[in-house]
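K.L.:
When the count follows full-length UniProt numbering, it moves up by one through the sequence shown with no breaks and lands on 231 for the last residue.
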Amino acid sequence: MNNHFILMVEDHFDLAATVCEFLEAHGYIIDHARNLDAAKTFLKSQPYHLLLLDINLPDGSGYDLCHWLRDQQSLDIPVLMLTARDTLDDKLKGFAAGTDDYLVKPFDFNELVVRIRALIKRSLGEVSNNKLQIHDLILDSAKQTVSRAGQIIELPPIQFKLLKILMRNSPKVITKQEIMIELWGDEEPESDALRSHIYSLRKMIDKPFAQKLLHTVSGVGIKIALEAHEY
1 MNNHFILMVE DHFDLAATVC EFLEAHGYII DHARNLDAAK TFLKSQPYHL
51 LLLDINLPDG SGYDLCHWLR DQQSLDIPVL MLTARDTLDD KLKGFAAGTD
101 DYLVKPFDFN ELVVRIRALI KRSLGEVSNN KLQIHDLILD SAKQTVSRAG
151 QIIELPPIQF KLLKILMRNS PKVITKQEIM IELWGDEEPE SDALRSHIYS
201 LRKMIDKPFA QKLLHTVSGV GIKIALEAHE Y
């Protein structure tokens, strides 16, 4: 299991069941909504790594959901549209609404998995040689800046370095000893220095936001990751 959460919005039950079963076999955790209202309820209840979205839905259009999603500053989720509409105008309309990729039905399931992996990797992983991104948190090494949900976060150098260590290793749990070696080398830090920096970092990057990214694993260490149960 890769712990990546996907919401599929599709009103054709048989297709949804087949896709969900295939993706679950590849380690994804899938929820299924058959209309816009159900999709919004899911999206408000927990974070997802990807949205698979049909256009024609019983209570509206997938375009409408995509617009709604992009208006929610706390919901920065990659969208892959799955639809039988295959004209250029349909595709352009989808991209204008904010979709990240577009796959025409019928599609090859292996191609679907490849596209899903690429979108999630781009969303959660390294977006360039100088940038690291976890959900809506972005660290730019070249500019020495950190932002979350579009808001610039000012961090002192030691906390910037701490955040970079955690993001570079995400979603792995890093032991406190490993962090201390990377931060201070052979130098002996002040008592409780690391705990203080972790507290301050959490206050800056997590406290103002609904979705928590910084997680302490008791007796093991700390990690930064998007976890559904933390919403």
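Where a beta carbon is used, it is the ideal one built from N, C-alpha and C, also for glycine.
1) Going by beta carbon distance, what residues of the same chain come within less than 8 Å of residue 206, once the five residues before and after it are set aside?
2) Looking at C-alpha atoms only, which residue of 225, 133, 99, 197 is the closest neighbour of residue 78?
3) State the CB to CB distance for the pair residue 52 and residue 31, rounded to an integer number of angstroms; the pair is presumed to be in contact (CB under 8 Å).
4) From residue 219 to residue 118, what does the alpha carbon distance come to, in whole angstroms?
5) Under 8 Å between the Cβ atoms of residue 197 and residue 144?
6) Given a cut-off of 8 Å, decide if residue 11 and residue 54 are closer than it, judged by their beta-carbon atoms.
7) Residue range of the alpha helix (DSSP H) that residue 40 falls in?
8) Identify whether residue 72 lies in helix, strand or coil by the three-state DSSP scheme.
9) Using only the alpha-carbon positions, how far apart do residue 286 and residue 223 sit?
10) Starting from residue 89, trace the alpha helix (DSSP H) both ways and give me its first and last residue.
11) Using CA atoms only, rank isn't needed, just tell me which of 34, 43, 123, 41 is closest to residue 60.
12) Report the CB separation of residue 164 from residue 132 in whole angstroms; it is logged as a contact under 8 Å.
13) For my contact list, residue 64 and residue 43 are in at a C-beta cut-off of 8 Å; report their separation, rounded to the angstrom.
P.N.:
Answer, in terms of the structure:
1) Here residue 206 is taken as the residue at index 206 of the sequence shown, counted from 1. Around residue 206: 212, 213, 214.
2) In the sequence shown, counting from the first residue as 1, residue 78 sits at position 78. Ranking 225, 133, 99, 197 by Cα distance to residue 78 puts 99 first.
3) Against the sequence shown, residue 52 aligns to sequence position 52. Against the sequence shown, residue 31 aligns to sequence position 31. About 10 Å separates the two Cβ atoms, so there is no contact after all.
4) Translated into positions along the sequence shown, residue 219 becomes position 219. Translated into positions along the sequence shown, residue 118 becomes position 118. Their backbone Cα atoms lie some 34 Å apart in a straight line.
5) In the sequence shown, residue 197 corresponds to position 197, counting from 1. In the sequence shown, residue 144 corresponds to position 144, counting from 1. No, the Cβ-Cβ distance between residue 197 and residue 144 is not below 8 Å.
6) Here residue 54 refers to the residue found at position 54 when the sequence shown is read from its first residue. Here residue 11 refers to the residue found at position 11 when the sequence shown is read from its first residue. Yes; because the gap between Cβ atoms is below 8 Å, this pair is in contact.
7) Position 40 of the sequence shown, counted from the first residue, corresponds to residue 40. Per DSSP, residue 40 belongs to the alpha helix (DSSP H) from 36-45.
8) Numbered from 1 along the sequence shown, position 72 holds the residue referred to as residue 72. Per DSSP, reduced to three states, the secondary structure at residue 72 is coil, with no helix or strand assignment.
9) The question about residue 286 has no answer, for the chain in this structure spans 1 to 231.
10) Looking up residue 89 in the sequence shown gives position 89. Unbroken alpha helix (DSSP H) run through residue 89: 88-97.
11) The residue labelled residue 60 in the question sits at position 60 within the sequence shown. For residue 60, the nearest C-alpha among the options comes from 34.
12) By 1-based counting over the sequence shown, the position of residue 164 is 164. By 1-based counting over the sequence shown, the position of residue 132 is 132. 7 Å between Cβ atoms; contact.
13) Residue 64 sits at position 64 when you count from the first residue of the sequence shown. Residue 43 sits at position 43 when you count from the first residue of the sequence shown. Wrong, their Cβ atoms sit about 13 Å apart, outside the cutoff.
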